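Visitor: In this note's numbering, each number is its position in the sequence shown, counted from 1, plus 169.
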Amino acid sequence: MSHPLMFSETDPFLARVRDIALTFPEADEKVSHGRPAFFTQKVFCYFGGSERLDDGWLAHDAAIVVRPDPDDAPALRQDLRFWVPMYLGPSGWLGIDLDDATDWAEITELVDASYRVTAPRRLVRELDARRSASRPPVHPSGGP
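1. Mark Tyr215 as exposed unless 16 or more other C-beta atoms lie within 10 angstroms of its C-beta, in which case mark it buried.
2. For Asp162, does the count of other Cβ atoms within 10 angstroms reach 16, so buried, or fall short, so exposed?
3. Taking the alpha-carbon of Pro173 as reference, which of Leu191, Pro205 and Glu295 has the nearest alpha-carbon?
4. If you drop the 5 nearest sequence neighbours on each side, which residues of the same chain put their C-beta closer than 6 Å to that of Pro194?
5. Pull up the distance between the alpha-carbon of Ala178 and that of Asp197, whole angstroms please.
6. Quick check on the DSSP output: what are the complete alpha helix (DSSP H) runs of length 4 or more inside the stretch 222 to 283, in order along the chain?
7. What are the partner residues of Glu220, as DSSP defines its beta bridges?
8. From Phe182 to Leu191, what does the alpha carbon distance come to, in whole angstroms?
9. Who pairs with Val212 in a beta bridge, going by DSSP?
10. Excluding the 5 residues preceding and the 5 following Trp262 in the sequence, name in chain order all residues of the same chain whose CB lies nearer than 7 Å to its CB.
11. DSSP three-state call for Glu314: helix, strand or coil?
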């Protein structure tokens, strides 16, 4: 039995997340459990998720669910903006809601970290090479 779709193709937050996630080497999108999932060989970002509560669950339809860098995870777990998603939480995944005040640079960093944790090493090397190639060279004198 397939899951019902739990997102709208016209959601502007989904469009922003797509713009970020699909820039990574060999990134693609599929629908998994009714939600958009961005992946290479493994998923690195979900759009939307759910949080288990004592009396049921709470849907976070405008959110991302990512697997943070293990060094950053303890601090992120202390940040009240983050929540532990059902099913994925025990594996280290965290969710954060998206709204009109979202810091998209932070979201990009979170997706980047999740990609680095889940993607094959060769794709992480390709990502680093792309980023190195796109930066202007730095001269020892500090000038152009």
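Glycine residues also receive a C-beta, built at the ideal position from the N, C-alpha and C atoms.
These numbers were taken from a predicted model, which means no experiment stands behind them.
Guide: If we stick to the structure as given:
1. What you label residue 215 is simply residue 46 of the sequence shown in a count that begins at 1. Buried, because 16 or more other Cβ atoms sit within 10 Å of the Cβ of Tyr215.
2. The question about residue 162 has no answer here: the residues shown for the chain are numbered 170 through 313.
3. Translated into positions along the sequence shown, residue 173 becomes position 4. The residue with the shortest Cα to Cα distance from Pro173 is Pro205.
4. Taking the sequence shown and counting its residues from 1, one reaches residue 194 at position 25. In the same chain as Pro194, and ignoring 5 residues on each side of it, the C-beta atoms closer than 6 Å to its own belong to Leu292, Glu295 and Leu296, in chain order.
5. Locating residue 178 in the sequence shown gives position 9, counting from the first residue. Locating residue 197 in the sequence shown gives position 28, counting from the first residue. Reading off the sequence shown, one finds Glu at residue 178, where the question assumed Ala. Cα to Cα, Glu178 sits roughly 16 Å from Asp197.
6. Correct list: 242 to 247.
7. Residue numbering aside, residue 220 sits at position 51 when the sequence shown is read from its first letter. In the DSSP output, where bridge partners are listed per residue, Glu220 has Leu227 and Pro254.
8. Counted from its first residue, the sequence shown places residue 182 at position 13. Counted from its first residue, the sequence shown places residue 191 at position 22. Their backbone Cα atoms lie some 14 Å apart in a straight line.
9. Position 43 of the sequence shown, counted from the start, is the residue given in the question as residue 212. Answer by DSSP bridge pairing, in chain order: Phe208.
10. What you label residue 262 is simply residue 93 of the sequence shown in a count that begins at 1. Its chain contains Val234, Val235, Arg236 and Pro254 as the residues whose beta carbon lies nearer than 7 Å to that of Trp262, once the 5 sequence neighbours on both sides are disregarded; these appear in chain order.
11. In the structure as shown, the chain begins at 170 and stops at 313. Residue 314 is therefore absent and cannot be evaluated.
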